[in-house]
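Asks: Starting off with a structure, shown below.
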Amino acid sequence: MLFLAIAILVMAAAIVLLFAMMGELTARLPRLGVGYRDPTVRALSEVRIGARATHWPSELLHLANQDDATCLVVLSTACATCEDVAQQMTEHLSRGIQVPTGIVISCADRRAGEEFVQRHDLAGFPVYVDEDGDWVSREFGARTSPSGLVFRQGVVDAAYVFGDVVALESAIISSNNGNGNNRQQNNESEVIA
Amino acid sequence: MTDMEHKEHKAAPQGGPRKRLRRRGFLMTMGAGGLAAAEVLFGNAPKAAAASCGCCGLAHCPPNTSYSHCRSVSNYTWVCSPGGNATCACCEVKPHNNPSAYYCWAQ
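Going down the list, the protein sequences come from chains R and W.
Throughout the first sequence, residue numbering follows my numbering, covering 40 to 232 in sequence.
Throughout the second sequence, residue numbering follows my numbering, covering 429 to 535 in sequence.
Here it is, written out as structure tokens:
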């Protein structure tokens, strides 16, 4: 009798544990499965297309003087999506990037920005820690992350909101191949990579 | 006596009422202990569900101040877009690690 009671208790505990494990696993999976990232790349209307910065931080200066398209990825320490994008950036760098890219970290204070760079090992990129996002918002009007600002000879050619680094790069490359100077005309257009 | 009657006789509780009470007490203790352990182990909300602030990665999540208050003092506010239809404004009172709040809207 006692043995049976203990056996039932152990079985009940095992069933509870099994359901708890299934619940925990479900909670850890993103909505559409492991590793799923929304490949949508949307035009970012707040950015001033055609803007030219009055001054570039020394860390990013070399990106401003290139004929081919270059990209500034704008991340923020207050943006949860940016954590994932920062991780993608590191992985993407190890695979080899096709568009010269720099990163702007918008942050409440320099310490938080530098901690973000260190945590995601972004040292392989030209990185500018932008306190309050002052530079990127003043020069180009960008206040949204994660976003990608595409430049040609230092002029903003297009701006996108994205969640998948590969999709962003594909969008930039396809717009490059389409026509040389692809100044974004319709800010409401949607690019699906 | 048939076989069935023999089994029933054997299955009947043996020992006095005191022994029966002691056994019942032991089983009750085991059951209560099991429930308490399950409560401690699995009764708390998962971290992902507890810490949901739209697409914001705030110093304090869930937020510990109102969005209007956060915007009314020295603050750092940035917009995040998770890629879907919602967009959120994430606000942190300066200096860093002070109260945070957020506000989301459909695009």
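From the three backbone atoms N, C-alpha and C, an ideal C-beta is built for every residue, glycine too.
Here the structure is a predicted model, which means the values were calculated and not measured.
Tell me whether R182/R sits in a helix, a strand or coil according to DSSP, three-state version.
Replies: Counting from one through the first sequence, the residue named residue 182/R turns up at place 143. Three-state DSSP puts R182/R in coil, outside helix and strand.
Asks: So within the region 152-179 of chain R, which uninterrupted beta strand (DSSP E) runs reach at least 3 residues, ignoring any that extend past its ends?
Replies: Here the runs fully enclosed are 166-170.
Asks: Considering only C-alpha positions, which residue in the set V204/R, I211/R, S214/R and I212/R is nearest to L114/R?
Replies: As a first step, residue 114/R must be located in the first sequence, where it is residue number 75. It is V204/R whose Cα lies nearest to the Cα of L114/R.
Asks: Got a sec: is the Cβ-Cβ distance from E178/R to anything in chain W below 8 Å?
Replies: Your numbering for residue 178/R matches position 139 in the first sequence. By this cut-off, E178/R is not an interface position.
Asks: In chain R, which residues lie with their C-beta within 8 Å of the C-beta of R451/W?
Replies: Here residue 451/W refers to the residue found at position 23 of the second sequence. Those are M40 and L41, listed as they occur along chain R.
Asks: Would you say S209/R lies against chain W (beta-carbon separation less than 8 Å)?
Replies: Here residue 209/R is taken as the residue at index 170 of the first sequence, counted from 1. No, its Cβ sits nowhere closer than 8 Å to a Cβ of chain W.
Asks: DSSP state of A514/W, grouped into three classes?
Replies: Residue mapping note: residue 514/W aligns to position 86 of the second sequence, counting from 1. The answer is strand: DSSP assigns A514/W an E or B state.
Asks: Mind checking L99/R: buried by the 16 CB within 10 Å criterion, or exposed?
Replies: Here the question's residue 99/R lines up with position 60 in the first sequence. So L99/R ends up on the buried side.
Asks: Could you list which residues in chain R have their beta carbon closer than 7 Å to that of S496/W, in chain order?
Replies: In the second sequence, counting from the first residue as 1, residue 496/W sits at position 68. Neighbours of S496/W on chain R: none; closest Cβ ~17 Å, over 7 Å.
Asks: Could you check if M456/W is buried or exposed, using at least 16 other CB atoms within 10 Å of its CB as the buried criterion?
Replies: Within the second sequence, numbered from 1, the residue matching residue 456/W stands at position 28. Exposed, since its Cβ has fewer than 16 Cβ neighbours within 10 Å.
Asks: Closest Cβ-Cβ distance between S509/W and chain R: below 8 Å?
Replies: The residue you call residue 509/W lines up with position 81 of the second sequence. Yes, S509/W lies at the interface with chain R (some Cβ there is under 8 Å from its Cβ).
Asks: Run down chain R in chain order and give the residues with a C-beta less than 9 Å from the C-beta of Y531/W.
Replies: Position 103 of the second sequence, counted from the first residue, corresponds to residue 531/W. Correct list: empty, because the minimum Cβ distance to chain R is about 13 Å.
Asks: Among residues of its own chain, excluding the 5 on either side of V175/R, which ones have a beta-carbon nearer than 6 Å to its beta-carbon?
Replies: The residue you call residue 175/R lines up with position 136 of the first sequence. If we look at V175/R and ignore the five residues flanking it on each side, its Cβ neighbours are V113, V143, D169 and A181.
Asks: From V189/R, C146/R, H94/R and A92/R, pick the residue whose C-alpha is nearest to that of P139/R; which is it?
Replies: Counted from its first residue, the first sequence places residue 139/R at position 100. Ranking V189/R, C146/R, H94/R and A92/R by Cα distance to P139/R puts V189/R first.
Asks: Just how far apart, CA to CA, sit R150/R and P523/W?
Replies: In the first sequence, the residue the question calls residue 150/R occupies position 111. In the second sequence, the residue the question calls residue 523/W occupies position 95. Near 11 Å, if we compare the C-alpha coordinates of P523/W and R150/R.
Asks: Any beta carbon from chain R within less than 8 Å of M458/W's own beta carbon?
Replies: Residue mapping note: residue 458/W aligns to position 30 of the second sequence, counting from 1. With 8 Å as the cut-off, M458/W counts as an interface residue toward chain R.
Asks: Among Q126/R, V156/R, L132/R and E178/R, which residue has its Cα nearest to the Cα of G193/R?
Replies: Within the first sequence, numbered from 1, the residue matching residue 193/R stands at position 154. Selected option, being the one with the closest Cα: E178/R.
Asks: For L71/R, name the three-state secondary structure that DSSP assigns.
Replies: Counting from 1 along the first sequence, the entry for residue 71/R is found at position 32. With a pLDDT of only 45 at L71/R, under the threshold of 50, the placement of this residue in the model should not be trusted; the figure read from the coordinates follows. Coil at L71/R, not helix or strand.
Asks: Rounded to the nearest angstrom, how far is the Cβ of R499/W from that of C483/W, given a contact under 8 Å?
Replies: For the purposes of this step, residue 499/W is identified with residue 71 of the second sequence, where counting begins at 1. For the purposes of this step, residue 483/W is identified with residue 55 of the second sequence, where counting begins at 1. Contact doesn't hold; Cβ gap of about 18 Å is too wide.
Asks: With distances taken between CB atoms, is the gap from A92/R to A103/R smaller than 8 Å?
Replies: Within the first sequence, numbered from 1, the residue matching residue 92/R stands at position 53. Within the first sequence, numbered from 1, the residue matching residue 103/R stands at position 64. Closer than 8 Å, so yes.
Asks: Here's the rule: buried if 16 or more other CB atoms are within 10 angstroms of the residue's CB, otherwise exposed. What is A46/R?
Replies: Taking the first sequence and counting its residues from 1, one reaches residue 46/R at position 7. Exposed: under 16 other Cβ atoms inside 10 Å.
Asks: Report all residues from its chain with a CB closer than 7 Å to the CB of Y531/W; omit the five preceding and five following residues, and keep chain order.
Replies: As a working mapping, residue 531/W is identified with position 103 in the second sequence. So the list reads Y495, C516 and A517, once near-sequence residues are dropped.
Asks: Reducing DSSP to helix, strand and coil, say where T93/R ends up.
Replies: The residue given as residue 93/R occupies position 54 in the first sequence. The answer is coil: DSSP assigns T93/R none of H, G, I, E or B.
Asks: DSSP state of E122/R, grouped into three classes?
Replies: The sequence position of residue 122/R within the first sequence is 83, counting from 1. E122/R: helix per DSSP, three-state reduction.
Asks: Please name the residue or residues paired with I142/R in a DSSP beta bridge.
Replies: Taking the first residue of the first sequence as position 1, residue 142/R is located at position 103. In the DSSP output, where bridge partners are listed per residue, I142/R has V112/R and V166/R.
Asks: Relative to the C-alpha of Q535/W, which residue among N492/W, A514/W and V521/W is closest?
Replies: What you label residue 535/W is simply residue 107 of the second sequence in a count that begins at 1. Of the candidates N492/W, A514/W and V521/W, the one whose C-alpha sits nearest the C-alpha of Q535/W is A514/W.
Asks: Please state the DSSP three-state secondary structure of R520/W.
Replies: Residue numbering aside, residue 520/W sits at position 92 when the second sequence is read from its first letter. Note on residue identity: the sequence assigns Glu, not Arg, to residue 520/W. Note: E520/W maps to strand in three-state DSSP.
Asks: What are the boundary residues of the beta strand (DSSP E) that A529/W is part of?
Replies: Residue mapping note: residue 529/W aligns to position 101 of the second sequence, counting from 1. Start and end: S528 to A534.
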